[in-house]
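The next block holds one structure in the form of structure tokens; read it before the comments.
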Amino acid sequence: MATETIALIVTVIIFLITTILNNLNIIDDRKKRWYVEIIINSNLEKIDCFFKLALEKFKTHKKNLTSNHENVDNEYLIDKAKSTKEINDLQNKFQFEIIPIFKSYDNHIAKDLSNILERFRDYYTDNIGIETIKTAADITDELEEIKSSFYKRLYKPVTNSLYNNLNLEKLLLWVLLVIFIVLFLIK
């Protein structure tokens, strides 16, 4: 009789654990779906447009600065400042439109995205002029990498699963192991 009772208790515990895990997974899936549909998809065009425009501007400004200037002089510095101001204005407008939306979902995402955008701007402005020894293609590749890291961070909440975050599968295995040890000791 005791073994049957213990087996029933174990069955109920396993049922409760799997039910709780399934409910947590459903909640996690709903939250991810909402994030993708409401936050990402509604702003994806703006994000794509920003990076496309910024990269086009970089290529144009880099070409103009390197072809029109051989030395660092007053005219060059003025042209470089105009190029820098243009990307700053473009990025500030983009950040004020996009980052608050992500902040409403998660402050950490918004902060990470802001940091990536700052890295993009810094790399852009540091390498726009004739002072850099890197080629325009190398700089563009690095800007594309930074853009890629922006998208990776953007989609990170979707790619992370609840099971990965909480290691629920390992927890379930430990619970089952403890239950079987208890069953073995009771016999």
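For the sequence shown, our numbering begins at 288 and goes up steadily by one. All C-beta atoms in this analysis are idealised placements derived from N, C-alpha and C, irrespective of residue type, glycine included. Just so you know, these numbers come straight off a predicted model, no measurement behind them.
Closest by C-alpha distance to residue i, when choosing among the options
| i | options | result |
| --- | --- | --- |
| Y411 | K372, V359 and N309 | K372 |
| Q382 | E405, K318 and E291 | E405 |
| R408 | N355, I374, I296 and R320 | I374 |
| F437 | L377, T290, K398 and T306 | K398 |
| S401 | I420, S354, T419 and N379 | N379 |
| I325 | L352, I468, Y392 and T305 | Y392 |
| I307 | L331, L464, L458 and F471 | L458 |
| P387 | N312, I327 and A294 | I327 |
| T419 | F471, N361 and E357 | E357 |
Contact belief for residue i with residue j at Cβ below 8 Å, rounded distance in angstroms
| i | j | result |
| --- | --- | --- |
| K367 | G416 | 5 Å |
| A423 | K349 | 5 Å |
Local Cβ density within 10 Å of residue i, reported as buried at 16 or more and exposed below that
| i | result |
| --- | --- |
| S370 | buried |
| A289 | exposed |
| F389 | buried |
| K421 | exposed |
| L460 | exposed |
| K302 | A small fix is needed here, since residue 302 is Phe in this sequence, not Lys. Exposed is the call here. |
| L441 | buried |
| I403 | buried |
| F337 | buried |
Pair within 9 Å by beta-carbon distance, residue i and residue j
| i | j | result |
| --- | --- | --- |
| I396 | K443 | yes |
| E429 | N414 | yes |
| K333 | I296 | no |
| T427 | L342 | yes |
| I468 | I300 | no |
| V445 | Y322 | yes |
Inset, instruction - Scan the segment 342-415 and note each continuous alpha helix (DSSP H) run of 4 residues or more that stays entirely inside, going in chain order. - result: 361-392 and 394-414
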